[in-house]
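Chains A and B supply the protein sequences, listed in that same order. All the letters of the first sequence, read from the start, carry residue numbers 1 to 261 under our numbering. All the letters of the second sequence, read from the start, carry residue numbers 1001 to 1261 under our numbering. Note that the Cβ used here is the ideal one computed from N, Cα and C, for glycine as well.
2 protein chains.
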Amino acid sequence: MIGLFDSGVGGLTVLKEVAKRLPEYSLLYLGDTARTPYGNKSPQVVASYGLQAARFLVERGARVLVVACNTVSAVGLEAIEQAYPSMPVFNVITPAVEVAARVSSHHRVGVMGTRALVASGIYQRLLAVHGRYQVTAQAAPLLVPLVEEGWLDKPETKRIVKHYLTPFKQAQVDTLVLACTHYPLLKPLIASRISRRVRVVDPAEATAIALEKWLTQNPETASTLSKGESRLYVTDLTPHTETIARSWLKRTITLERVSLD
Amino acid sequence: MIGLFDSGVGGLTVLKEVAKRLPEYSLLYLGDTARTPYGNKSPQVVASYGLQAARFLVERGARVLVVACNTVSAVGLEAIEQAYPSMPVFNVITPAVEVAARVSSHHRVGVMGTRALVASGIYQRLLAVHGRYQVTAQAAPLLVPLVEEGWLDKPETKRIVKHYLTPFKQAQVDTLVLACTHYPLLKPLIASRISRRVRVVDPAEATAIALEKWLTQNPETASTLSKGESRLYVTDLTPHTETIARSWLKRTITLERVSLD
């Protein structure tokens, strides 16, 4: 199975992209809703949560992992790769960096992410491998609760998005990466508030494409992955969580509550 | 020692009130910053986190507990009282209910709290003991991140506060309880946006007064409580957490990181 995890339900935006491109595969999803969000937490805590999530998915049969959380992808990947050295581990940053590097016309890339992701400096490090890029990174922590409240098109959200876009406008970025699983839900609002020349990169899509490509190139692994039903697990389950998950996936789903202890 | 805990640093607003009234006592504080916030989580998860926090404080020497979290006070008190039947356990709701019942001129009380607190219906149940009250409860989840970002006086915050105040205005409440430890930091902004006739109740102050009174009435317990230095523990420590804690307490403090596992 392909196992995906996130700090909460945000990673369902990644699951959705993966399911769209690879509908035949059985997906295993874990959202750590009992400890969500991760974005303001320390690298140590985020890495230890990420490792617990990976362990849960591997124990349930995952043979390919997708770290569907930008924050864990930024600060927790090493711990997972060390724990599972022979496991293919995908993350939502590497594919997004590759897309950004390719589409950026003037090498001025903006990254909107969580506080922990921005503090990690990972986009600067990874883009440097591709060439000289001027990277403007801005934490946008308020967008997560706004999205979770469903305030996708409220005037208050528009004002706050405008506030967070200011440094990107000042830096005249030509590419903007939405480096938090919640932000793509605000993509229409964000896109309408920056220049049409700015390419907006959604890591979920980039990750699904990278995974699809890898499975094509690795048919022996792909053939061992089970097909059929997917299962969605959360560490805490509330009516609000179910409502969000259903509205994002636009279909009826069953969330099962599990404990990581 | 007097042990206080909250889901994060919000409970420091309660600690501050307690320290102001009872400066001689040594306080032990725990903020569960590794799993914050609790407000959108399920009663089961919140209750289990509350119990873990209580256990930590008791193991470190607390002989009186103050549940400085409105959400745990709403859904997790029973578990703590059952685990520690002979321990005096204070919470931030009972004292606030008593104040609200007393000051409410027309028995129309508003309660602004977390989603979990509002769903619990605790204010309705406890106010009913005091008489017939019309209770308007409204969850205001976005105020927590706004306060944590330090957006205390931004136009965006004003608009969102206005949004959350609407049902209270419509119900013509005469009393408004700020039933989340973060909200009192927005008290000036809230007070300036509702009628001057509305009494705004801060549970932190009510709780500190109740604790002070109890210690006066129970000198034998009070005399056993240690005096002197206080200690502040958090389950995760980031520069942002330290900045918030310092700005709220308006002094230099030391936060120690601990694990509840």
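Could you name the residues of chain A that residue i contacts, counting a contact when the two beta carbons are closer than 8 Å?
i, result
"K1041(B)", "T33, A34, D236, T238"
"E1149(B)", "P141, L142"
Mind pulling the chain B residues with CB within less than 8 Å of residue i?
i, result
"L232(A)", "The contacting residues do not exist; L232(A) stays about 16 Å from chain B at best."
Under 9 Å between beta-carbons, which chain B residues line up against residue i? List them in chain order, please.
i, result
"R115(A)", "T1238, H1240"
Under 7 Å Cβ-Cβ, which residues of chain B neighbour residue i?
i, result
"P145(A)", "P1141, L1142, P1145"
By the three-class DSSP mapping on this structure, what secondary structure does residue i have?
i, result
"P50(A)", "A small correction: the amino acid at residue 50(A) is Gly; Pro does not occupy that position in the sequence shown. Reduced to three states, the DSSP call for G50(A) is helix."
"L1237(B)", "coil"
"E98(A)", "helix"
"V1072(B)", "helix"
"V1103(B)", "helix"
"E81(A)", "helix"
"E304(A)", "This structure does not reach residue 304(A), given that chain A is present from 1 up to 261, and the question cannot be answered."
"R1231(B)", "strand"
"V64(A)", "strand"
"V1258(B)", "coil"
"V89(A)", "strand"
"R251(A)", "coil"
Is it true that the stretch 1064 to 1074 of chain B meets the stretch 1143 to 1160 of chain B, where meeting means three or more beta-carbon pairs spaced less than 8 Å apart?
no
At 4 residues or longer, what runs of the alpha helix (DSSP H) sit wholly inside the stretch 1002 to 1045 of chain B?
1012 to 1021
In the stretch 198 to 226 of chain A, which residue ranges form an unbroken alpha helix (DSSP H) of at least 4 residues, counting only runs that do not cross its ends?
203 to 217, 219 to 224
Closer than 8 Å, Cβ to Cβ, to anything on chain B: give me those residues from the stretch 151 to 180 of chain A, in chain order.
W151, P155, E156, R159, I160, H163
Interface residues of the stretch 1044 to 1076 of chain B facing chain A [CB-CB below 7 Å]:
V1045
Is the stretch 95 to 108 of chain A touching the stretch 195 to 203 of chain A, taking contact as three or more C-beta pairs under 8 Å?
yes
Three-pair Cβ contact test at 8 Å for the stretch 1216 to 1228 of chain B versus the stretch 22 to 37 of chain A:
no
Output the residue ranges of the alpha helix (DSSP H) runs that lie fully inside the stretch 130 to 211 of chain A and measure 4 residues or longer, sorted by chain position.
143 to 148, 155 to 170, 187 to 191
Check whether the stretch 1157 to 1171 of chain B and the stretch 1125 to 1138 of chain B are in contact - that is, three or more C-beta pairs closer than 8 Å.
yes
Would you call the stretch 1032 to 1040 of chain B and the stretch 1007 to 1014 of chain B touching, i.e. three or more CB-CB distances under 8 Å?
yes
Inside the stretch 1105 to 1130 of chain B only - alpha helix (DSSP H) runs reaching at least 4 residues
1115 to 1120, 1122 to 1130
Contact between the stretch 1246 to 1255 of chain B and the stretch 1045 to 1061 of chain B: three or more CB pairs below 8 Å?
no
Could you say if the stretch 115 to 124 of chain A and the stretch 80 to 91 of chain A meet the contact criterion of at least three C-beta pairs nearer than 8 Å?
no
Determine contact between the stretch 170 to 180 of chain A and the stretch 214 to 221 of chain A, defined as no fewer than three beta-carbon pairs at a distance below 8 Å.
no
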